[in-house]
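*Asks:* Take a look at the following structure, please.
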Amino acid sequence: MSRLHVIDHPLITHKLSIMRNKKTGSKDFRELLEEIAMLMGYELTRDLPLEDVTIDTPLSKMRAKMISGKKLAIVPILRAGLGMVDGLQSLIPVAKVGHIGLYRDPNTHLPVEYYCKLPPDINERIVILVDPMLATGGSAVDSLELLKKRGCKQIRFMCLVAAPEGVEKVQSAHPDVDIYTAALDDCLNDEAYIVPGLGDAGDRIFGTL
Numbered sequence: 000m001s002r003l004h005v006i007d008h009p010l011i012t013h014k015l016s017i018m019r020n021k022k023t024g025s026k027d028f029r030e031l032l033e034e035i036a037m038l039m040g041y042e043l044t045r046d047l048p049l050e051d052v053t054i055d056t057p058l059s060k061m062r063a064k065m066i067s068g069k070k071l072a073i074v075p076i077l078r079a080g081l082g083m084v085d086g087l088q089s090l091i092p093v094a095k096v097g098h099i100g101l102y103r104d105p106n107t108h109l110p111v112e113y114y115c116k117l118p119p120d121i122n123e124r125i126v127i128l129v130d131p132m133l134a135t136g137g138s139a140v141d142s143l144e145l146l147k148k149r150g151c152k153q154i155r156f157m158c159l160v161a162a163p164e165g166v167e168k169v170q171s172a173h174p175d176v177d178i179y180t181a182a183l184d185d186c187l188n189d190e191a192y193i194v195p196g197l198g199d200a201g202d203r204i205f206g207t208l
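Numbering (numbering that gives the first Met the number 0), first residue to last: 0 to 208.
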């Protein structure tokens with residue numbers, strides 16, 4: 000079974016609480032999301048393998064450690080996932096960025112794919128799939144399936160807020176994919192929104208409330 004990692008660092012918890020507040024405007028919401036994504040990125044990349052290299056310091060040669068050539072890709076689920084890309088790229092500037100476009104049908108609450116553009120060597124990369132909300136889990140499950148069809152074998156899913164229902168669905172469908180979240184909330188309401196949650200992340204990022 001995939002592992003659920005709740006990254007509850009005090010800085011993350013504090014910033015998330017500000018984001019949850021309905022009085023927080025789009026500018027602050029976007030900036031906080033980017034900051035949290037960067038902070039979460041430290042934990043998500045903690046186990047990247049290192050290798051020994053020889054470098055010259057101003058004083059002498061030395062054996063140092065650097066990431067061992069592992070290539071990474073950041074893949075946001077459109078549109079809300081875009082808000083997490085810059086934070087991760089500030090840590091991993093050489094990472095390639097792909098995009099998966101899904102929207103939630105307002106009647107069935109099921110995801111509908113409308114766009115997919117990925118780096119040509121996506122199957123050789125460690126993929127970080129990002130979306131602020133893991134609600135029903137439908138978008139995440141479908142996006143993970145799409146990535147696996149492209150040959151991806153090392154995938155990590157990162158979100159800001161997760162519902163137990165979404166976590167269970169992802170773990171059931173993709174037991175090899177670890178889930179990283181800043182908070183595990185109570186449940187979904189009748190409209191499939193996370194409670195207490197923070198509302199519609201896409202609308203709050205882009206000011207389309």
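Note that the Cβ used here is the ideal one computed from N, Cα and C, for glycine as well.
Can you give me the C-alpha to C-alpha distance between Val126 and His4, rounded to a whole angstrom?
*Replies:* Numbered from its first residue, the sequence shown carries residue 126 at position 127. Numbered from its first residue, the sequence shown carries residue 4 at position 5. Distance between the alpha carbons of Val126 and His4: 17 Å.
*Asks:* By Cβ distance, which residues of its chain are closer than 6 Å to Arg78, with the 5 residues on each side in sequence left out?
*Replies:* As a position in the sequence shown, residue 78 is number 79, starting the count at 1. Correct list, in chain order: Gly201.
*Asks:* By how many angstroms is the C-alpha of Lys60 removed from the C-alpha of Lys168?
*Replies:* Along the sequence shown, read from residue 1 onward, the residue named residue 168 stands at position 169. Along the sequence shown, read from residue 1 onward, the residue named residue 60 stands at position 61. If I take the Cα positions, the gap works out to 51 Å.
*Asks:* Just checking, does the stretch 7–15 make contact with the stretch 52–72 on the three C-beta pairs under 8 Å criterion?
*Replies:* No, they do not touch.
*Asks:* Would you list the residues sitting across from Thr12 in a DSSP beta bridge?
*Replies:* Here residue 12 refers to the residue found at position 13 of the sequence shown. Answer is none; Thr12 lacks a bridge partner.
*Asks:* Using 9 Å as the threshold, is the C-beta distance between Gly196 and Arg29 below it?
*Replies:* To locate residue 196, count along the sequence shown from 1; it is residue 197. To locate residue 29, count along the sequence shown from 1; it is residue 30. No. Outside cutoff.
*Asks:* Tell me the residue span of the alpha helix (DSSP H) that contains Met35.
*Replies:* Within the sequence shown, the letter at position 36 stands for residue 35. Sequence check: residue 35 is Ile here, not Met. Looking at the DSSP string, the run of the alpha helix (DSSP H) that includes Ile35 is Ser25 to Leu43.
*Asks:* On the criterion of 16 or more Cβ atoms from any shown chain inside 10 Å, does Asp51 qualify as buried, or is it exposed?
*Replies:* Translated into positions along the sequence shown, residue 51 becomes position 52. The residue is exposed, with fewer than 16 neighbouring Cβ atoms inside 10 Å.
*Asks:* Return the CA-CA distance between Leu32 and Met83, expressed in angstroms with no decimal places.
*Replies:* For the purposes of this step, residue 32 is taken as the residue at position 33 of the sequence shown. For the purposes of this step, residue 83 is taken as the residue at position 84 of the sequence shown. In a straight line, the C-alpha of Leu32 is about 6 Å away from that of Met83.
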